[in-house]
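What follows is a short report on a single structure.
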Amino acid sequence: KLDELENLRKTVDDDYHNLSFSIPNLIHDSVPKGADESFNKQVRTWGEIPKFDFEVKDHIDLGLELDIVDLERASKTAGARFYYLKNGLVKLGQSLTAFALDFVSGKNYNLIQPPYMINRQSMEGAVIADDFEDVIYKVQDEDLFLIGTSEHAIASMYYDEILEGSKIPLRYASISPCFRKEAGAHGKDQKGIFRVHQFEKIEQFIFCRPEESWEEHEKMIKNTEEFYQQLEIPYRLMLLSSGDMGKVSAKTYDIEAWMAGQNAYREIVSCSNCVDYQSRRLKIRFRDKSNEDTKYIHTLNSTLIAIERTMVAILENNQTKDGHVEIPKVLQKYFGDNMI
92 KLDELENLRK TVDDDYHNLS FSIPNLIHDS VPKGADESFN KQVRTWGEIP KFDFEVKDHI
152 DLGLELDIVD LERASKTAGA RFYYLKNGLV KLGQSLTAFA LDFVSGKNYN LIQPPYMINR
212 QSMEGAVIAD DFEDVIYKVQ DEDLFLIGTS EHAIASMYYD EILEGSKIPL RYASISPCFR
272 KEAGAHGKDQ KGIFRVHQFE KIEQFIFCRP EESWEEHEKM IKNTEEFYQQ LEIPYRLMLL
332 SSGDMGKVSA KTYDIEAWMA GQNAYREIVS CSNCVDYQSR RLKIRFRDKS NEDTKYIHTL
392 NSTLIAIERT MVAILENNQT KDGHVEIPKV LQKYFGDNMI
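If you want it as structure tokens, here you go:
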């Protein structure tokens, strides 16, 4: 009888855990209400849309003609949505990484390189379990998942800890590869390097006091805008609607870069304030004095740069009539030349 009751208790506990961890965050009052991206609100734009006096190519054609990417052999080796980067595109990626690390270091972020795999407890604290099927790769027979973004690893770094109030805010810039199934992206961007299973990213992550998180959110997006302004990439800033934003976020901005080969703005940055949603799941608290009650910390995250998507924007926007690509001025000292 006791064993039966114990099994029943475990079942109830598991059901409660699964249900409570499937509830999304509460959204901020400023978030537009709507079912999908058509309800997103444009906040501002920056930069001039480039004009060309020749037929514009997309990054796939440019990459193949310049011999800087091999998609066909990658498909043979690994399947769809993989790539080999070559020569100038490898150098461009490394130049973007070096510039990004210098930029974010100047904004008083601590550089960090996280584990590329984390356990279920950590992943469940950072994301809602629905994402496991559509987004996250699991390591077979191990309690490990490949990170879809380093946000997952940084959010869970202080699991079940009480932080000293004098040490916050904590600002991290994390560099890592990211791995995504893209199961919900059938038919979208099947060719090229825009939407892929593996990519490099530098992520900004902040742990801060509740009363500071909205100010930190605005600072974070403005810093990120400054980064793309220095790269001279035209963009628009979008405030996402309730139906288009992630379930763990209370408010999300996207930066969409202009990509001339597609004649469209495409998402390259997502910047979110998750308030205390992740910290409650991960039991991350703080206090100023040892005899005070603890409070849940607020967490914020933003892409600084997704390397491959940014390379797409540079290739398409900076192409020349003779089929080459101009390197943005701010990258030339890292790249060692002004042209691919």
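Counting in our numbering, the sequence shown runs from 92 upward without gaps. We treat Cβ as the ideally placed atom computed from N, Cα and C, and that holds for glycine.
Discussion item. Considering Cα atoms alone, identify which of H243, P205 and Q231 is closest to E215.
Written reply: The shortest Cα separation from E215 among H243, P205 and Q231 belongs to H243.
Practice prompt. Could you tell me whether the stretch 296-308 touches the stretch 246-264, where touching means 3 or more Cβ pairs closer than 8 Å?
Written response: Yes, the stretch 296-308 is in contact with the stretch 246-264.
Item to complete: Locate the beta strand (DSSP E) running through H389, then write down its first and last residues.
Response: It spans H389 to A397 - the beta strand (DSSP E) in which H389 sits, taken as one unbroken run.
Worksheet item: Of all the beta strand (DSSP E) runs that stay within the bounds of the stretch 120-185, which reach a length of 3 or more residues?
Response: Counting whole runs of 3 or more residues, the stretch 120-185 contains the beta strand (DSSP E) stretches 132-137.
Discussion item. Just to confirm, is the Cβ distance from I433 to A404 under 9 Å?
Written reply: Any property of residue 433 remains undetermined from this structure, which presents the chain solely from 92 to 431.
Fill in: Per-residue DSSP class, three states only, for M214
The three-state secondary structure of M214, taken from DSSP, is helix.
Worksheet entry | Closest residue to I219 among V287, S340, Y319 and K420 (Cα-Cα distance) | Looking at the Cα atoms, S340 is the closest of the given residues.
Practice prompt. Give every residue of the same chain whose Cβ lies closer than 8 Å to the Cβ of D428, excluding the five residues on either side of it in the sequence, and list them in chain order.
Written response: These residues qualify, in order along the chain: I418.
Discussion item. Report the start-end ranges of each alpha helix (DSSP H) in the stretch 347-390 that is 4 residues or longer and not cut off at the edges.
Written reply: With a minimum length of 4 residues, the continuous alpha helix (DSSP H) runs that stay inside the stretch 347-390 are 368-373.
Item to complete: Compute every distance between the C-beta of M402 and the non-hydrogen atoms of the ligand SAH, then say whether any falls below 8 Å.
Response: With respect to small molecules bound, the structure shown includes none, and the ligand SAH cannot be examined in it.
Fill in: As assigned by DSSP and simplified to three states, the class of D234
DSSP places D234 in coil when its eight states are reduced to three.
Worksheet item: In whole angstroms, what is the alpha-carbon distance linking I238 and D251?
Response: So the two alpha carbons sit approximately 20 Å from each other.
Worksheet item: Leaving out the 5 sequence neighbours to the left and right, which residues in its chain are closer than 6 Å to I312 when beta-carbon positions are compared?
Response: Cβ-Cβ distances below 6 Å link I312 to Y344 and C362 in the same chain, with the five nearest sequence neighbours on each side left out; the list follows chain order.
Worksheet item: Which first and last residues belong to the alpha helix (DSSP H) in which A244 is found?
Response: Segment S241 to A246, the alpha helix (DSSP H) holding A244.
Fill in: Candidates K380, S213, N314 and T401, of which the one nearest K200 by Cα
This sequence places Tyr at residue 200; Lys is not what is there. It is N314 whose Cα lies nearest to the Cα of Y200.
Worksheet item: Any chance the stretch 124-133 sits against the stretch 317-333, with 3 or more Cβ pairs inside 8 Å?
Response: Segments in contact, yes.
Discussion item. Let me check one thing: in DSSP terms, what residues is M311 bridge-paired to?
Written reply: DSSP lists no partner for M311.
Worksheet item: Would K412 be called buried (16 or more neighbouring beta carbons within 10 Å of its own) or exposed?
Response: It is exposed - the Cβ of K412 has fewer than 16 other Cβ atoms within 10 Å.
Worksheet item: Rounded C-beta distance between N409 and W349? I'm assuming under 8 Å.
Response: 12 Å between Cβ atoms; not a contact.
Fill in: Chain-order list of residues whose beta-carbon lies under 6 Å from that of I284 (same chain, five-residue window excluded)
Counting only Cβ-Cβ distances below 6 Å, and skipping sequence neighbours, we find Y174 and E399.
Practice prompt. Could you round the C-beta distance between I118 and K342 to whole angstroms and report it? I think they count as a contact, below 8 Å.
Written response: The pair is a contact, with the Cβ atoms about 7 Å apart (cut-off 8 Å).
Discussion item. Give me the residue from T394, S213 and K92 with the minimum Cα distance to S247.
Written reply: Ranking T394, S213 and K92 by Cα distance to S247 puts S213 first.
Worksheet item: Is E291 helix, strand or coil when you go by DSSP?
Response: In the structure shown, E291 sits in a strand (DSSP, three-state: E or B).
Item to complete: Determine the contact status of W137 and L328, defining contact as a CB-CB distance below 9 Å.
Response: Note that the C-beta distance between W137 and L328 is below 9 Å.
Item to complete: Using the DSSP secondary-structure output, state which residues sit across from T343 in a beta bridge.
Response: BP columns for T343 point to S363.
Discussion item. Starting from F426, trace the alpha helix (DSSP H) in both directions and tell me its first and last residue.
Written reply: Its alpha helix (DSSP H) spans residues Q423 to F426.
Item to complete: Write down the C-beta distance between N392 and E294 rounded to the nearest angstrom, noting that I regard them as a contact closer than 8 Å.
Response: Right, the Cβ-Cβ distance comes to about 6 Å (below 8 Å), so this counts as a contact.
Worksheet item: Mapping DSSP to helix, strand and coil, what is Q321?
Response: It is helical.
Discussion item. Using only the alpha-carbon positions, how far apart do R376 and E303 sit?
Written reply: Rounded to whole angstroms, R376 to E303 spans 15 Å at the Cα level.
Discussion item. If I follow the unbroken beta strand (DSSP E) through Y326, where does it start and stop?
Written reply: Taken as a continuous stretch (DSSP letters only), the beta strand (DSSP E) holding Y326 covers Y326 to L330.
Discussion item. Between the alpha carbons of T188 and D104, how many angstroms are there, rounded?
Written reply: Separation of T188 and D104 (C-alpha to C-alpha, rounded to the nearest whole angstrom) is 45 Å.
Practice prompt. Assign E146 to buried or exposed, taking buried as 16 or more other Cβ atoms, counted over all protein chains shown, within 10 Å of its Cβ.
Written response: Counting other Cβ atoms within 10 Å of its Cβ, E146 stays below 16 and is therefore classed as exposed.
Worksheet item: Hey, would you say F236 sits closer than 9 Å to I209, going by beta carbons?
Response: Result yes, Cβ atoms of F236 and I209 sit closer than 9 Å.
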